[in-house]
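Just below is one structure, and these are the notes that go with it.
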Amino acid sequence: MEEDTQKYSIDDSLTAMGFGKFQILLLAYAGMGWVSEAMEMMLLSFVGPAVQAEWGLSSNQESMITSMVFAGMLIGAYSWGAVSDKFGRKKGFLVTAIVTSGAGMFSAIAPNYASLLVFRFFVGVGLGGGPVLSSWFLEFVPAPSRGTWMTVFSAFWTVGTILEASLAWVYPITIVFKLCHLDLHERSSVGFVFDIVLILNGLVCLEIVMPSLGWRWLLALSAVPSSFLLVFYSKTPESPRYLCLRGRTDDALHILQKIAIVNQTELPSGISLSDHQATRVTRVPSEDAHLLSPSKDENETSDNMGSDVQTGGSIFMLLSPNLLRSTVLLWAVFFGNAFSYYGLVLLTTELSSKNSSCTGTHSTSTNSADVSYEDVFIASFAEFPGLLVSAAIVDKLGRKGSMSSMFFICCLLLLPLAFNHSQGLVTPLLSGARICITASFTIMYIYAPEIYPTSVRTTGVGVASSMGRIGGMLCPLVAVSLTHDCHRTAAILLFVAVIFVSGVCVVLFPLETKGRHLNDNVSDLGKEVELG
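For the sequence shown, the tail end lands on 539 under the numbering used here, and the numbers increase by one without skipping.
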């Protein structure tokens with residue numbers, strides 16, 4: 008009799024319950040972390056020139072501010088990934104929020120260049136935990152709608168870039184701000200995310216005339232979103248997939264039941280497998296029993312299960328035969344995508360500044376007032392079309408086809424800037440390139456967690472993200488130093504080469520993940536690759 012009873016996995020349970028109010032609340036929470044990271048990264052475009060002008064820094068010293076952030080992210084990305092795979096997703100993003108918000112506030116009061124570098128390094132360490140939030144949210148999303156909702160999640164990054172650009176645009180000029188009438192009691196639950204954004208704007212929307220507040224205020228305000236993660240932390244659930252992999256099936260069941268209640272749906276009926284031992288689950292009102300096997304096809308012994316869990320936090324698991332090719336290619340793509348994305352962000356200010364044209368062997372120091380904040384603001388809005396493009400193609404062309412096409416189109420858009428230095432081409436071509444690179448970045452953050460099993464997911468994405476941070480550390484040397492030294496053509500051509508190689512690497516990925524269920528163990532992935 009028991010053999011005839013249908014067995015359900017967590018993937019099946021999430022699919023049966025669908026994407027509802029519970030996931031929307033998680034989306035708002037994880038999205039705020041993404042807003043925070045985007046703001047901290049975008050401000051690098053503004054803080055560098057401003058600090059250079061105020062403290063009389065060289066071009067290399069200005070570049071070092073950005074590089075220190077990426078150096079911290081390089082360390083943080085792997086560290087928080089390993090912590091999250093061993094101790095849980097919640098503990099991972101709790102510590103990252105504390106480090107990011109604290110170091111961000113201290114950066115705003117840094118008394119000198121050296122202390123600013125130290126604080127920005129620790130901001131980077133905290134920001135390295137970004138992949139933990141994306142993996143955490145991914146593990147609550149039903150497989151059929153994963154591409155769509157992970158694209159929506161990526162939209163929070165764009166919200167952060169636009170918010171940061173708008174704040175920076177406000178500061179260089181004197182503007183009279185009208186009081187922002189914000190009545191939270193009249194806002195619906197759907198408007199929760201926008202309430203948060205309005206609260207941030209409310210910090211500067213006062214009935215006074217604001218003078219040029221400068222980069223210190225920008226740093227302080229940019230650290231605020233991270234604090235919201237701490238405020239709502241106690242309400243966040245642990246990933247049921249992670250709990251089940253750790254043998255905490257009762258806790259996983261409780262979370263699945265809560266999802267069903269909040270979404271006003273029912274869990275499927277069936278058999279619950281606790282530590283691979285089939286047992287009946289007590290029937291609850293309007294629901295049958297539930298299966299808590301992490302994966303429907305998981306038939307490995309408990310010994311194999313324990314092996315994956317114990318070594319899940321190790322980087323060596325990522326280099327096992329089943330993962331080696333995907334891991335190496337993913338590192339290359341993360342490097343190229345981060346190098347290109349942050350390079351385009353920096354190029355927007357470098358190529359649109361009044362002193363961008365070379366008049367001699369040495370470039371003139373760029374004053375913060377010379378930066379075209381309007382151009383940066385417009386270029387930031389180019390990310391919205393990038394999100395729309397990624398949403399439109401990610402489930403039609405697949406992850407691989409979507410990413411590779413965006414990389415190759417980006418190359419075509421950047422090439423004219425290498426040979427035509429007309430200022431009128433800078434904003435439209437950089438905006439077009441930003442659309443493509445945003446789309447590829449968005450799809451990459453969908454694809455990366457999908458190719459890794461639960462046992463090493465956050466470690467895998469974290470290490471790959473670390474490789475991206477190396478690209479972020481190097482891009483200022485190209486986007487800032489080369490352009491300051493009048494080597495604009497060489498800088499653009501180098502970006503084109505990196506982007507093209509990234510596109511080729513995407514083509515070589517062994518696995519297309521569109522519509523596939525998430526794997527939980529490395530051995531599961533090996534079977535899937537064999538089947539094609």
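Note that the Cβ used here is the ideal one computed from N, Cα and C, for glycine as well. Just so we're clear, the structure is a prediction, and the values are computed from it rather than from any experiment.
Pair within 8 Å by beta-carbon distance, residue i and residue j
| i | j | result |
| --- | --- | --- |
| ALA440 | MET413 | no |
| THR158 | THR449 | yes |
| VAL130 | GLY111 | yes |
| TRP41 | GLY137 | yes |
| ILE262 | PRO244 | yes |
| THR461 | ARG248 | yes |
| VAL50 | THR73 | Note that residue 50 is Leu in the sequence shown, not Val. It is not a contact, given that the beta carbons lie outside the stated cut-off. |
| SER91 | PRO456 | no |
| ILE506 | GLY405 | no |
| LEU500 | ALA399 | no |
| LEU422 | VAL503 | yes |
| ALA230 | SER108 | yes |
| LEU124 | MET46 | no |
| ILE458 | SER347 | no |
| ALA104 | SER241 | no |
| SER472 | ALA78 | no |
| VAL58 | ARG127 | no |
| PHE164 | TYR120 | The identity of residue 164 in the sequence shown is Trp, whereas the question assumes Phe. No; because the gap between Cβ atoms is not below 8 Å, this pair is not in contact. |
| VAL139 | PHE100 | yes |
| GLY349 | MET39 | Here the sequence assigns Tyr to residue 349, which means Gly is not the residue at that position. No. |
When the options are compared against residue i, the one with the closest alpha-carbon
| i | options | result |
| --- | --- | --- |
| SER20 | GLY38, ALA267 and GLY88 | ALA267 |
| VAL511 | GLY55, LEU34, ALA227 and ALA339 | ALA339 |
| VAL468 | ASP18, SER233, HIS494 and TRP87 | TRP87 |
| GLY254 | ALA399, LYS407 and LYS93 | LYS93 |
| CYS418 | THR434, GLY393 and ILE444 | ILE444 |
| PHE144 | ILE105, GLU44 and LEU32 | LEU32 |
| LYS602 | LEU337, ILE116, VAL54 and LEU395 | Here the chain comprises residues numbered 8 to 539, so residue 602 is not present and cannot be evaluated. |
| GLY36 | TYR452, PHE239 and ASP257 | Note on residue identity: the sequence assigns Tyr, not Gly, to residue 36. Residue PHE239 is the option with its Cα nearest to TYR36. |
| SER70 | ARG464, PRO483 and LEU515 | PRO483 |
| LEU325 | HIS524, ILE17, GLY475 and ALA89 | ALA89 |
| LEU394 | LEU237, ALA117 and ILE453 | ILE453 |
| ASN526 | GLU146, LEU515, VAL433 and ALA259 | GLU146 |
| ILE416 | TYR120, SER438, THR355 and GLN430 | SER438 |
| LEU481 | ALA345, VAL508 and VAL470 | ALA345 |
| ALA115 | SER16, GLY431 and GLY221 | GLY221 |
Distance, residue j Cα to residue i Cα
| i | j | result |
| --- | --- | --- |
| PRO151 | THR22 | 7 Å |
| GLY479 | VAL485 | 10 Å |
| MET24 | GLN30 | 11 Å |
| LYS98 | THR490 | 42 Å |
| LEU351 | ASN329 | 35 Å |
| ILE442 | PRO56 | 25 Å |
| SER397 | SER327 | 31 Å |
| ASN67 | LEU353 | 14 Å |
| LEU331 | VAL513 | 15 Å |
| PHE235 | PRO517 | 39 Å |
| MET80 | VAL106 | 12 Å |
| SER161 | PHE341 | 16 Å |
| GLY95 | SER246 | 8 Å |
| HIS494 | LEU250 | 53 Å |
| SER409 | VAL401 | 6 Å |
| LEU226 | THR466 | 29 Å |
| ILE82 | ARG476 | 9 Å |
| PHE53 | GLY27 | 39 Å |
| ALA497 | LEU515 | 28 Å |
| LEU4 | ILE322 | Past the boundaries of the shown model lies residue 4; the chain is included only from 8 to 539, so the question cannot be answered. |
| ARG523 | ASP18 | 10 Å |
Residue interval of the alpha helix (DSSP H) (run including residue i)
| i | result |
| --- | --- |
| ALA45 | 28-49 |
| VAL508 | 495-514 |
| TYR120 | 120-134 |
| ALA89 | 66-94 |
| PHE147 | First-last for PHE147: undefined, no H or E at that position. |
| ARG248 | 247-252 |
| ARG523 | Element bounds for ARG523: n/a, residue is neither H nor E. |
| ALA446 | 430-458 |
| ILE322 | Segment: none, ILE322 is in no alpha helix (DSSP H) and carries neither H nor E. |
| ILE477 | 464-483 |
| GLY405 | 405-426 |
| PRO275 | From DSSP, PRO275 is part of no alpha helix (DSSP H); its letter is neither H nor E. |
| ARG223 | 222-229 |
| PRO392 | 390-400 |
Check: residue i C-beta below 7 Å from any heavy atom of the ligand ADP
| i | result |
| --- | --- |
| VAL468 | This structure simply doesn't include the ligand ADP, nor any ligand for that matter. |
Neighbour flag for residue i against chain D, beta carbons, 8 Å
| i | result |
| --- | --- |
| VAL396 | Structure shown: chain D not included; a single protein chain is present. |
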